[in-house]
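In what follows, a single structure is set out as structure tokens and then discussed.
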Amino acid sequence: MPKPEEEAEAKGPTEWNEGRHGVGPWEGPLPEGPEAEKYDPELLAEGDRRNVVDAYRYWTREAIREDIDKRRHALHIAIENFENDANIGTVVRTANAFAVDTVHIVGRRRWNRRGAMVTDRYQHLMHHADVSELMAWAADQDLTVVAIDNTPGCVPLETAELPERCLLLFGQEGPGVSPEAQDAAVMTCSIAQFGSTRSINAGVAAGIAMHAWIRQHADLSKAW
Ligand SMILES: C[S@@+](CC[C@H](N)C(=O)[O-])C[C@H]1O[C@@H](n2cnc3c(N)ncnc32)[C@H](O)[C@@H]1O
């Protein structure tokens, strides 16, 4: 059994090289040939301090995005943004971590990017003016829409079978998923709660629901 202090010192996958602050300038001969295209000359010269997994160190933003594009899941996320929800940044960051295909913003175009921690650079984003536009787009793409909220009559997410080609739709703090969106969704799934609060933060709920889909459909042997 490792002692607690040994456990605290154990490094995780993003710390196996130079740690959480990234890496310094490239050491040794510079990359050559067709593979060299994916490297950013400035990062090679000055080091890479970005919050990216080690496999993408020194890669250009475009190369990283293209590489994730080859492995994106058939999972889409939508969040209603009629009142300028502050959780969208968190949702985008988690969507990036799970290689979600696209995050759809419904309603207001503007959203607070702070919580995204620049992950929006690597994530496809799409705007829809209203719920009917989103639903028409989803139908056209053969995506099944599942709303996530804890309103009466919901299906427990813990036991629900989520479709593989899936669009998970979240509501905002306050109003929750709009009645129009719940009506259009094939089902609404709730996350079991046991305490006093009526609901959890929408960004946290999105993380839980995305992970429920990952557990059912992702190839875990391809995770970092
Ligand atoms: C803070 S909730 C507000 C709405 C909620 N229906 C209420 O009565 O307070 C905002 C969003 O977070 C998600 N959410 C929060 N708690 C949830 C739960 N227990 N189950 C499913 N979704 C939840 C839903 O997408 C919801 O629309």
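With my numbering, you'll find the sequence shown wraps up at 790, consecutive numbering, no jumps. Ideal Cβ positions, reconstructed from N, Cα and C, are used throughout, including at glycine.
Quick check on Gly588: does DSSP put it in helix, strand or coil?
Three-state DSSP puts Gly588 in coil, outside helix and strand.
Using 6 Å as the cut-off, classify the Cβ of Val743 as near or not near the heavy atoms of ligand 1, replying yes or no.
Val743: yes, Cβ under 6 Å from ligand 1.
Measure the alpha-carbon distance for Pro597 versus Trp625 and round it to whole angstroms.
Whole-angstrom Cα-Cα distance: 11 Å.
Report buried or exposed for Ser698, applying the criterion of at least 16 other Cβ atoms within 10 angstroms of its Cβ.
Exposed, by the Cβ-count rule.
Determine the direct distance from the alpha carbon of Ala778 to that of Glu660, and round the result to whole angstroms.
The amino acid occupying residue 660 in the given sequence is Thr; Glu does not appear at that position. Whole-angstrom Cα-Cα distance: 13 Å.
Presumed contact (8 Å Cβ cut-off) between Val669 and Val658, rounded CB distance:
Contact between Val669 and Val658 holds: their C-beta atoms lie close to 5 Å from each other, under 8 Å.
Starting from the Cα of Asp633, find the closest Cα among Gly613, Gln738 and Tyr688 and give me that residue.
If we check each option's Cα against that of Asp633, Tyr688 comes out closest.
Round the Cβ separation of Val711 and Leu691 to the nearest angstrom and send it over; I've been treating them as touching at under 8 Å.
Not quite, the Cβ-Cβ distance comes to about 18 Å (not below 8 Å), so this is no contact.
Using only CA atoms, which one of Arg631, His693, Leu610 and His587 lies nearest to Gly594?
Checking every option, the nearest Cα to that of Gly594 belongs to Leu610.
Determine, using beta-carbon pairs with one atom in the region 730–750 and one in the region 638–652, whether at least three such pairs fall under 8 Å.
Yes, the region 730–750 is in contact with the region 638–652.
How do the region 752–768 and the region 722–736 stand: do at least 3 beta-carbon pairs fall below 8 Å, yes or no?
In short, these stretches touch, since the Cβ pair count reaches three.
Please go through the same chain and pick out, in chain order, the residues whose beta-carbon is closer than 6 Å to the beta-carbon of Tyr622, but skip the five residues on each side of it.
The answer, listed in chain order, is Ile630.
When DSSP labels each residue in this structure, what does Ser756 get in the three-state scheme?
Secondary structure at Ser756: strand, using DSSP grouped into helix, strand and coil.
Exposed or buried, which one is Thr725 when buried takes at least 16 other CB atoms within 10 Å?
Thr725 comes out exposed.
At a cut-off of 6 Å, is Ser762 close to ligand 1 when judged by its beta-carbon and the heavy atoms of the ligand?
Not so, every heavy atom of ligand 1 lies at least 6 Å from the Cβ.
If you scan the region 722–751 from start to end, which runs of the alpha helix (DSSP H) of 4 or more residues do you find wholly inside it?
Fully contained in the region 722–751 are the following alpha helix (DSSP H) runs of length 4 or more, in chain order: 745–750.
Same chain, Cβ closer than 6 Å to Ala682, five either side skipped, listed in chain order
In chain order, Gly655, Val658 and Arg659 place their CB closer than 6 Å to the CB of Ala682, counting only its own chain and leaving out the 5 sequence neighbours on each side.
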